[in-house]
Amino acid sequence: MASVSLMPEENPAVQQLLAQLAGNVLPTEPSIWPLALGYWLVLGAVLIAAAALLYWWRLGRDWRRVSRQRKRIQSQTDAGRQLLQLHQLLRWVLINKLGADKGLTDRAFAERVTASLATLPPSWLNGHYRAEPAVHPIDWAEVQRLLKAWRKEAHR
1 MASVSLMPEE
11 NPAVQQLLAQ
21 LAGNVLPTEP
31 SIWPLALGYW
41 LVLGAVLIAA
51 AALLYWWRLG
61 RDWRRVSRQR
71 KRIQSQTDAG
81 RQLLQLHQLL
91 RWVLINKLGA
101 DKGLTDRAFA
111 ERVTASLATL
121 PPSWLNGHYR
131 AEPAVHPIDW
141 AEVQRLLKAW
151 RKEAHR
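The sequence shown: position 23 = 23 (my numbering), numbered continuously.
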């Protein structure tokens, strides 16, 4: 029996078959579009996170303005002007952020502050309305506590 060699260089039949083979063609690169499910999930999570951050930033924007205004009022030297501007700022917060009536009386304003602080109304609260020349000093820690309580109330 004759032995048939399988080595291509020795067998002419194998050489002929190898010559008929086409070369390997690389497949085309996969397209980026349409995105795979994982990319869509990541993209959706990023968009939701960005929207949430924007919402929370806008929610606190007015309160940051109130805080800056409070600091500006606190830095003034004229005590009478401080009282007037602080009163205006607090009324603005009550009306615009807490939905109080625009015709809020001074008594109703004082009652609202008293309820928020859970103490007697502070001596400086309506001090700019008094006829007496003595100006009561403003307790800025109390003002800060009041604004924090109103901010919590506004976000309920």
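In this text, a Cβ means the ideal position worked out from N, Cα and C, and glycines have one as well.
| Check | Outcome |
| --- | --- |
| With respect to the alpha helix (DSSP H) encompassing Trp40, which residues constitute its N-terminal and C-terminal limits? | 37-74 |
| Given that a residue counts as buried once 16 or more other Cβ atoms are within 10 Å of its Cβ, and exposed if not, what is Val46? | exposed |
| Hey, how far is the Cα of His87 from the Cα of Leu125? | 7 Å |
| Alpha helix (DSSP H) containing Gly80: first to last residue? | 79-97 |
| Do you know offhand how far Ser123's Cα is from Ile95's? | 22 Å |
| Using the C-alpha atoms, what's the distance from Arg70 back to Lys152? | 17 Å |
| List the whole-angstrom C-beta distance separating Ala154 from Lys97, where the pair is believed to meet the contact cut-off of C-beta under 8 Å. | 5 Å |
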